[in-house]
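The numbering of the sequence shown is the working numbering, which starts it at 1327 and goes up by one. For every residue, glycine included, the Cβ atom is placed at its ideal position computed from N, Cα and C. Bear in mind the structure is a predicted one, so any value in this text is a computation, not a measurement. Here is the structure we will look at.
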Amino acid sequence: MIKPPRIAPSILAADFGYLADEIARIEDHVDLLHVDVMDGHFVPNVSLGMPVIASLRKVTNLPLDCHLMTLNPDHYLEPLKEAGADLATVHIEVFPDPSGVAEIARDVGLGFGLVINPPTPFEAIEPFIELADMVVVMSVHPGFGGQAFIEAVLPKLERIRNFVDSAGLSTDIEIDGGIDPGTIRPAREAGADVFVAGTSVFRAPDPVLAVRELRNAIG
Ligand code: DX5
Ligand code: ZN
């Protein structure tokens, strides 16, 4: 069953010089914080790592939803837990069989999620959905904020929603990339319950108003 919508601002679009202030501004108005970890290998960009996550943990009680765009994400699960992360999501493209990495996440006490890129078909993730607390449907190619929403992923999102519902699972379904007041609605209709929004929140003149506009668009 689809849950009430939750908004997860992506700090990739925030001003890293003022991260604590940027978070304090929106903290009471959002549900999770989406943290994009990039290593310059799995994606052609480098973002942030454990020291920043540990600092985030000190300034907010929001759940930290850490999206691992790295090679060997399994190597980072224990350090992530120690840094204070709540959930780690790994790409099915990195682990075509993610059973082992899911087990490591459980062992270290982290929530576990699977991320699927735009060109990767539903069938790649289908056998493993039950391992995940969250499935993340990428609606941009990972690596950069501020890209345009790829509408062609919506049928795949719908299939994931149908799978989760028919299997009686409570898996969260998150959509990541290009979410704004215009794209959040079709994503909600296709079955997403967690919405990552970077640019549309942190680059808005008033981020709190921007979050409200996202909620209103699907209200
Ligand atoms: C892209 C990241 C996204 C990104 C979303 O690789 O996974 O989380 O920060 O940013 P916007 O909302 O700007 O598309
Ligand atoms: Zn992300």
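Are Leu1483 and Ile1505 touching if we call contact CB-CB under 8 Å?
Walking along the sequence shown from the start, residue 1483 turns up at place 157. Walking along the sequence shown from the start, residue 1505 turns up at place 179. Taking 8 Å as the Cβ cut-off, Leu1483 and Ile1505 do not qualify as a contacting pair.
Starting from Pro1377 and walking both ways along the beta strand (DSSP E), at which residues does that stretch end?
If you number the sequence shown from 1, residue 1377 lands on position 51. Premise fails: Pro1377 lies in the alpha helix (DSSP H), 1376-1385, not in any beta strand (DSSP E).
Give me, in chain order, the residues of the same chain whose beta-carbon lies closer than 7 Å to that of Val1554; leave out the 5 immediate sequence neighbours on both sides.
There is no way to answer for residue 1554, as the model of the chain reaches only from 1327 to 1545.
Could you check the C-alpha separation between Leu1406 and Glu1452 for me, to the nearest Å?
Translated into the one-based positions of the sequence shown, residue 1406 becomes position 80. Translated into the one-based positions of the sequence shown, residue 1452 becomes position 126. Distance between the alpha carbons of Leu1406 and Glu1452: 26 Å.
Buried or exposed, going by whether 16 or more other CB atoms sit within 10 Å of the CB of Gly1503?
Walking along the sequence shown from the start, residue 1503 turns up at place 177. Looking at its Cβ environment, which holds 16 or more other Cβ atoms inside 10 Å, Gly1503 is buried.
Applying the criterion that 16 or more other CB atoms from any shown protein chain within 10 Å of the CB defines a buried residue, is Pro1424 buried or exposed?
Here residue 1424 refers to the residue found at position 98 when the sequence shown is read from its first residue. Under this definition Pro1424 is a buried residue.
Quick one: residues with CB closer than 6 Å to any heavy atom of the ligand ZN, in chain order, please.
Ser1336, His1360, Asp1362, His1393, Asp1502, Val1522
Use the C-beta contact count for Glu1408: other C-beta atoms within 10 angstroms, 16 or more gives buried, fewer gives exposed.
For the purposes of this step, residue 1408 is taken as residue 82 along the sequence shown, with counting starting at 1. Counting Cβ neighbours within 10 Å, Glu1408 comes out exposed, since fewer than 16 surround it.
Segment limits, beta strand (DSSP E) that includes Arg1332
One-based indexing of the sequence shown puts residue 1332 at position 6. Where Arg1332 is concerned, the enclosing beta strand (DSSP E) stretches over 1332-1335.
Helix or strand or just coil, what does DSSP make of Thr1396?
As a first step, residue 1396 is located in the sequence shown; it is residue number 70 there, counting from the start. Three-state result, Thr1396: coil.
With a floor of 4 residues, list each alpha helix (DSSP H) that falls wholly inside the region 1391-1451, ordered by position along the chain.
Those alpha helix (DSSP H) runs which fall completely within the region 1391-1451 and span 4+ residues are 1403-1409, 1425-1434, 1448-1451.
When the Cβ atoms of the region 1348-1367 are set against those of the region 1330-1339, are three or more pairs found closer than 8 Å?
yes
In chain order, what residues of the same chain lie with their CB nearer than 6 Å to the CB of Met1364, ignoring the 5 residues before and after it?
Along the sequence shown, read from residue 1 onward, the residue named residue 1364 stands at position 38. Hits under 6 Å: Asn1371, Val1372, Ser1373, Met1395.
Rounded to a whole number of angstroms, what is the C-alpha to C-alpha distance between Ala1411 and Asp1400?
The sequence position of residue 1411 within the sequence shown is 85, counting from 1. The sequence position of residue 1400 within the sequence shown is 74, counting from 1. Ala1411 and Asp1400: Cα-Cα distance of roughly 14 Å.
Element boundaries [alpha helix (DSSP H), containing Asp1354]
Numbered from 1 along the sequence shown, position 28 holds the residue referred to as residue 1354. Per DSSP, Asp1354 belongs to no alpha helix (DSSP H) and is neither H nor E.
Between which two residues does the alpha helix (DSSP H) holding Ile1486 run?
The residue you call residue 1486 lines up with position 160 of the sequence shown. Ile1486 -> alpha helix (DSSP H) spans 1480-1492.
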